[in-house]
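Single-structure report; data block below.
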Amino acid sequence: MPADRRRHAFTLVEIMMASAVMAIVMGGLLAMIIQTRRLSEGSILQNSAINIVQGYLEQMKSMDYDSLTVSPASGTVTVATQLDEATTDPLTLSNGSPPATMPALGATPTGAVDNNKSIVIKYPAVNPSDTLTLNIWIWIKDLSGTATNVTNAKSITMIYTYSFRDGGRLRQTRGSIRTIRSVVPSF
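Its first residue numbered 1031, the sequence shown is counted upward by one per residue in my numbering.
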């Protein structure tokens, strides 16, 4: 073999360095994929919870104005809502008035009545994350009166909480929806 034609090959050190760089890049890509999936799952649960609570609220807004009972000072009053066309799913109103500010996670406002709802959001429900468990508190308050200069209006306040597993951690989320229902339905 002529002297000017030398064999060029990778040394063991070069191969180990290339493998280390490749492992670092692949580890970063794997971490990014895992984080993206966690964020996507959290977003799906959040959107599902908002849509479910919004569905209950829309049902209440479309009811006859006089059938929307104001939250009692004590005792229980239910509002007839539907889970689907064939399944009734009544909601129990909380007592008194809704809180002025959002309560902290883990805190229950005075007079709040739990409406625990488990709703399958992915069929078939194989994992626990395929079922969303919501806790909903509902207040209906009459806004009519001479002090407010309002006639025939009621406020509907819903505060909801749900929890989910994010990796190994249990996370809790709380949100609220408020609207006004007058004699003329507002859709």
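Ideal Cβ placement from N, Cα and C applies to all residues, glycine included.
Span of the beta strand (DSSP E), counted from its first residue to its last, around residue i
{"i": "residue 1205", "result": "1199-1212"}
Where residue i falls: helix, strand or coil (DSSP)
{"i": "residue 1153", "result": "coil"}
{"i": "residue 1094", "result": "coil"}
{"i": "residue 1127", "result": "coil"}
{"i": "residue 1196", "result": "strand"}
{"i": "residue 1104", "result": "coil"}
{"i": "residue 1140", "result": "coil"}
Residues that DSSP places opposite residue i in a beta bridge
{"i": "residue 1180", "result": "1175"}
{"i": "residue 1132", "result": "Answer is none; residue 1132 lacks a bridge partner."}
{"i": "residue 1148", "result": "1163"}
{"i": "residue 1121", "result": "1109"}
Residue range of the unbroken alpha helix (DSSP H) whose run includes residue i
{"i": "residue 1090", "result": "1042-1091"}
Classification of residue i by the beta-carbon crowding that lies within 10 angstroms, buried from 16 upward
{"i": "residue 1080", "result": "exposed"}
{"i": "residue 1109", "result": "buried"}
{"i": "residue 1106", "result": "exposed"}
{"i": "residue 1146", "result": "exposed"}
{"i": "residue 1132", "result": "exposed"}
{"i": "residue 1090", "result": "buried"}
{"i": "residue 1153", "result": "exposed"}
{"i": "residue 1210", "result": "exposed"}
{"i": "residue 1143", "result": "buried"}
Is there contact here, the segment 1172-1182 with the segment 1193-1206, by at least three beta-carbon pairs under 8 Å? no
Count the CB pairs spanning the segment 1065-1080 and the segment 1044-1055 that are closer than 8 Å, and state whether there are at least three. no
Inter-stretch contact (C-beta, 8 Å, three-pair minimum) for the segment 1095-1104 and the segment 1154-1167: no
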